[in-house]
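Add 70 to a position in the sequence shown, counting from 1, and you land on the number used in our numbering.
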Amino acid sequence: VQLVESGGGLVQPGGSLRLSCAASGSIFSINAMGWYRQAPGKQRELVARFVNVGNTYYADSVKGRFTISGDNAKNTVYLQMNSLKPEDTAIYYCNLPQGLNRYWGQGTQVTVSS
Numbered sequence: 071v072q073l074v075e076s077g078g079g080l081v082q083p084g085g086s087l088r089l090s091c092a093a094s095g096s097i098f099s100i101n102a103m104g105w106y107r108q109a110p111g112k113q114r115e116l117v118a119r120f121v122n123v124g125n126t127y128y129a130d131s132v133k134g135r136f137t138i139s140g141d142n143a144k145n146t147v148y149l150q151m152n153s154l155k156p157e158d159t160a161i162y163y164c165n166l167p168q169g170l171n172r173y174w175g176q177g178t179q180v181t182v183s184s
């Protein structure tokens, strides 16, 4: 299993970015995938994830601003991030729990700064 994130970059406060995570290999389903982030000096935290089919979870800090979505045909998960704030600056990772394994991508840097 391989997860490859893309879409990070530098954006001004209030701006938007769309992250993508393409999964390849022996993928059962993307329905359990999620996005995490890790800021410098902080622990990795859950940002958003699918919870069963049709349901989602969002951290309080991103509710109303971020949206997770997926394309099963492409085995790809997205994270639309709007109204970005400097405190959203972090490396963003996608995660796939599958069986006893948890797979991680290499991460994509998001920097929110003027």
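Beta carbons are placed, not taken as given, at the ideal position from N, Cα and C, and that holds for glycine.
Boundaries for Arg135: no beta strand (DSSP E) harbours it, and the DSSP string shows neither H nor E there.
Scanning Ala143, Phe136, Ala129 and Asn125 for the CA closest to the CA of Phe98 turns up Ala143. Distance from the Cα of Gly111 is smallest, within the candidate group Val117, Gly95 and Ile161, for Ile161. Bounds of the beta strand (DSSP E) holding Met151 are Thr146 to Met151. Here Val123 is exposed. Its C-beta has fewer than 16 other C-beta atoms within 10 Å.
In the three-state reduction of the DSSP assignment, Ala129 falls in the coil class.
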